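Residue numbers for the sequence shown follow this note's numbering, so the first one is 2 and each next one is one higher. Ideal Cβ positions, reconstructed from N, Cα and C, are used throughout, including at glycine. Predicted model only: the values in this text are computed from it and were never measured.
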Amino acid sequence: MTLPAGIAVGDVLVIVAQCLNSGGATTFGTPAGWTQQFTSSTGDNRFALYTRVADGTEGSTVTITTASSVAYGSFGSAAYSGNTGIDAVGAAAITSSTTPAAPAVTTTLANDMIVVLTGMANELAGGVAPPAGYTERVEGANGSTNGLAYIADKVQAVAGSSGTPAPTATYSNPKQTYIVAVKGNPTGSAWSIVANLAGATGPTGPAGSAGSAGAVGATGPSTGPAGGALSGSYPNPELADGSVTSAKLAVGAVPIWRSASGVPSSGLGVVGDWYIDTASKILYRKVADATALPVVSGTPTGGSWDTSSVVVTYPAGSVSGDLIVVTFFPYNSAVTIPTGWTQAYVGLHGDPNRIYVLWKFRGAETSETFNMNTNVGGGWHAIAFAASTVHSTAPLPSATSQANAASTTPSAPSLAVSNIGLAIRSWHLGGNHALANITFPASHTQRNYAYWASNVSTFVSATIPVSAIGTVAAASLTLLANGGGSAMTLLVRQSATASAWQAEGLFVPTTGIVNAGVAAAAAIGVTKVAAVPRVRVSKSVAQSIANNTYVTVTWDGEDYDNDTMHDNVTNNDRLVATTAGLYLVNGVVTYLSNVTGLRLVQVVDNAGVTVHFVIQPATSGDDTIVPFTFIIPLAAGAWVSCQARQSSGGALDMRNTVAGKSNFSMARIGT
Numbered sequence: 002m003t004l005p006a007g008i009a010v011g012d013v014l015v016i017v018a019q020c021l022n023s024g025g026a027t028t029f030g031t032p033a034g035w036t037q038q039f040t041s042s043t044g045d046n047r048f049a050l051y052t053r054v055a056d057g058t059e060g061s062t063v064t065i066t067t068a069s070s071v072a073y074g075s076f077g078s079a080a081y082s083g084n085t086g087i088d089a090v091g092a093a094a095i096t097s098s099t100t101p102a103a104p105a106v107t108t109t110l111a112n113d114m115i116v117v118l119t120g121m122a123n124e125l126a127g128g129v130a131p132p133a134g135y136t137e138r139v140e141g142a143n144g145s146t147n148g149l150a151y152i153a154d155k156v157q158a159v160a161g162s163s164g165t166p167a168p169t170a171t172y173s174n175p176k177q178t179y180i181v182a183v184k185g186n187p188t189g190s191a192w193s194i195v196a197n198l199a200g201a202t203g204p205t206g207p208a209g210s211a212g213s214a215g216a217v218g219a220t221g222p223s224t225g226p227a228g229g230a231l232s233g234s235y236p237n238p239e240l241a242d243g244s245v246t247s248a249k250l251a252v253g254a255v256p257i258w259r260s261a262s263g264v265p266s267s268g269l270g271v272v273g274d275w276y277i278d279t280a281s282k283i284l285y286r287k288v289a290d291a292t293a294l295p296v297v298s299g300t301p302t303g304g305s306w307d308t309s310s311v312v313v314t315y316p317a318g319s320v321s322g323d324l325i326v327v328t329f330f331p332y333n334s335a336v337t338i339p340t341g342w343t344q345a346y347v348g349l350h351g352d353p354n355r356i357y358v359l360w361k362f363r364g365a366e367t368s369e370t371f372n373m374n375t376n377v378g379g380g381w382h383a384i385a386f387a388a389s390t391v392h393s394t395a396p397l398p399s400a401t402s403q404a405n406a407a408s409t410t411p412s413a414p415s416l417a418v419s420n421i422g423l424a425i426r427s428w429h430l431g432g433n434h435a436l437a438n439i440t441f442p443a444s445h446t447q448r449n450y451a452y453w454a455s456n457v458s459t460f461v462s463a464t465i466p467v468s469a470i471g472t473v474a475a476a477s478l479t480l481l482a483n484g485g486g487s488a489m490t491l492l493v494r495q496s497a498t499a500s501a502w503q504a505e506g507l508f509v510p511t512t513g514i515v516n517a518g519v520a521a522a523a524a525i526g527v528t529k530v531a532a533v534p535r536v537r538v539s540k541s542v543a544q545s546i547a548n549n550t551y552v553t554v555t556w557d558g559e560d561y562d563n564d565t566m567h568d569n570v571t572n573n574d575r576l577v578a579t580t581a582g583l584y585l586v587n588g589v590v591t592y593l594s595n596v597t598g599l600r601l602v603q604v605v606d607n608a609g610v611t612v613h614f615v616i617q618p619a620t621s622g623d624d625t626i627v628p629f630t631f632i633i634p635l636a637a638g639a640w641v642s643c644q645a646r647q648s649s650g651g652a653l654d655m656r657n658t659v660a661g662k663s664n665f666s667m668a669r670i671g672t
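As structure tokens, then:
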């Protein structure tokens, strides 16, 4: 195979190899100067990983021999210029998963390049996506689905575990994934990467003309007094006191405290900001607005096709800039992703049931042509959303699908969501079902209908509001006749700017409230601004509170934590003041409805001393909500935890965050 062009002495070279021998597993040889890190086989498939540090004798090609002839093989290689050498290397067991995870390795240097290499048998060319945060370098296939070599990488800034990154493939055929941590430069110098796909070498083109040299920038001073917005002297000037007055920080980068008499106006502040009503002493926090959900733009479109391509017409009435979401139900076919589109989801329920979801923010065009790798056909639908109402960078964060047996009540699956928005439900039904003979679930709004006569299949979709983080419950259509096939649930995420003020409880300081005088979001009335240490934690499940016993409350989720103040697993009952200072502590403990006895909450510090206490009678006919707010000075490393107690006569559940809004938070408000 041909090695990448431009290899320099000291570069770390990697090769991933895969082959099939129809008569039985073969053996890979080791080229001179190379190290065969791993080799293994399953059935007719063989996989191997090779590494080498370039010394100038590696040449431009390398030959890997086999002990017997092979049906086909795929190879991919890459070269990395950073520190010379390999920090760690590992191999995962062979798997047939569509997400073959790499093994976790532990790096010892900052800025290591984590390289994930996978050999894949019978895999689809163009059908592999890199792990989250990784950049794809090689996706070299032998034919359309005869085998594939895959390489992706990313820089790991801090030494430690690499985790188990996994590419996403199309088919469930044998795969083996390796991981190589190339030694990083502790100073964070830029990496140089060259990569090469498997396959024949093409002819060499003529050399291009040399580019002109760039202009040399002016040299900054090494000594002397600083000027402009800086104070002090070079080489260590500082930001001058009072110099940050506007537009120096991104909006929302630092949560802003405001105070005034009366409730805050809806247009004030951004998500994460705080506000104190000096008249009522109520504390407010800016949160995502559960009422501002994505808005469908125009009239959704849909149809079917019987060839190797289909023209998808955008919804009539949609405009340039709108988010276009297209769902395909191709029959035994893969969808080629056009330039500018992002694949949000692919579900393979065996042949022929497949589901693809793609999205883009449209331009002036009114349609898009999508190509398939077969000419069998399938069904599609497209829905548009007003750009201002959806998230601008990650509008489709989660989706799931399932195959359905023939039934008069085919179900779309439930979906766990970490955001609010609008869910799209799509069904592919075997048989000819008229729209009048289909009953959609409650709260669902029917959006698309298409019938594919060639395959006697019906395609429908609907949307449902998702106004709370948690789980979108499964839902079923009601049909007059059996209809199996596939179904999908997909979340369209609301705009990150959709927000509203939420009351967090009473704030009662001992010395009164002084207006901080912050007139606008861009104004900063302090000398130099750093991020405000803050944390807010939540519960995913209810917790049982024994009768007449203080029970320490545990918290397994974080809404935010910017100063390592909480751990979801280790000592997850406490909030730690990593930075010493004066802290505002507040929270809500919600008890399941019960009319007997009292409901208590106390907060204790790391010395076991009770620093705050609240008691109230049980609420008749509803859950009992016990809020608490107080201020406390904490040294670095000191912590507080919340304890709950009740006297109903038996054990009683404390509600989780989703069901009852139980939460616990702490923010540093001064020194």
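C-alpha distance - residue i paired with residue j, whole-angstrom precision
i, j, result
"D568", "V552", "19 Å"
"R53", "G34", "7 Å"
"D290", "V17", "48 Å"
"Q177", "F48", "7 Å"
"I717", "V391", "There is no way to answer for residue 717, as the model of the chain reaches only from 2 to 672."
"T625", "L397", "37 Å"
"L653", "G588", "19 Å"
"I465", "T490", "10 Å"
"R656", "I470", "15 Å"
"N572", "N354", "46 Å"
"A404", "A317", "31 Å"
"S458", "N186", "57 Å"
"T107", "V13", "18 Å"
"T100", "S319", "36 Å"
"V519", "N112", "Bear in mind that the predicted position of V519 carries a pLDDT of just 38, short of 50, making it unreliable; the figure below should be weighed with that in mind. V519 and N112: Cα-Cα distance of roughly 40 Å."
"G732", "T36", "Any property of residue 732 remains undetermined from this structure, which presents the chain solely from 2 to 672."
"A406", "V117", "38 Å"
"G513", "T279", "Residue placement at G513 is poorly supported in this model, since its pLDDT is 43, which falls under 50; the coordinates still yield a value, given next. Roughly 9 Å separates the two Cα atoms."
"W306", "G348", "19 Å"
"G164", "I180", "10 Å"
Given residue i as reference, the closest of the options once Cα atoms are compared
i, options, result
"P168", "K184, M121 and A158", "M121"
"A454", "S267, G379 and T620", "G379"
"D45", "K662, G60 and I95", "I95"
"A9", "A80, G74, G588 and T3", "A80"
"V590", "V358, K540 and S649", "K540"
"A170", "Y346, G7 and V156", "Y346"
"S1", "T620, V554 and N456", "Any question about residue 1 goes unanswered here, given that the chain covers just 2 to 672."
"W1", "L349, V336, A335 and K361", "The shown model of the chain, from 2 to 672, leaves out residue 1, and the question about it has no answer."
"S663", "Y235, G651 and C643", "C643"
"S1", "Y51, Q38, S97 and P104", "Missing from the structure shown is residue 1; the chain here goes from 2 to 672 and no further."
"V326", "T302, T340 and L349", "T302"
"T58", "S545, P32, G164 and Y73", "P32"
"S267", "D564, A230, S281 and Y285", "Y285"
"V627", "T67, S412 and V615", "V615"
"Y276", "Q647, W502, Y584 and V538", "W502"
"S444", "A463, A230 and T85", "A463"
"A93", "A103, E505 and S334", "A103"
"S97", "T136, G233, S408 and T43", "T43"
Limits of the unbroken beta strand (DSSP E) element including residue i
i, result
"F39", "T36 to T43"
"R494", "G486 to R494"
"Y172", "No beta strand (DSSP E) contains Y172, which DSSP labels as neither H nor E."
"P618", "T611 to P618"
"H382", "G379 to F386"
"S61", "Unbroken run through S61: none, as it is neither H nor E."
Residues bridged to residue i [DSSP beta-bridge criterion]
i, result
"V538", "E559 and F665"
"F48", "Q19 and S41"
"Y452", "T459"
"F629", "G588"
"M114", "V156 and V183"
"M373", "V336"
"F76", "A18"
"T96", "K176"
"P226", "S234"
Any chain C beta carbon closer than 9 Å to residue i
i, result
"G141", "Going by chain labels, chain C is absent from the structure shown, which holds only one protein chain."
- Item | Validate contact between the segment 364-382 and the segment 292-300 using beta carbons, cut 8 Å, 3 pairs | Using a Cβ-Cβ distance cut-off of 8 Å, the segment 364-382 and the segment 292-300 are not in contact, since fewer than three pairs of beta carbons, one from each stretch, lie closer than that value.
- Should the segment 625-640 be regarded as contacting the segment 565-581, the criterion being three or more beta carbon pairs within less than 8 Å? Yes, since at least three Cβ pairs between the segment 625-640 and the segment 565-581 fall closer than 8 Å, the two stretches touch.
- Task: May I ask you to verify whether the segment 475-483 touches the segment 415-435, counting CB pairs closer than 8 Å and requiring at least 3?
- Result: They touch, by the three-pair rule.
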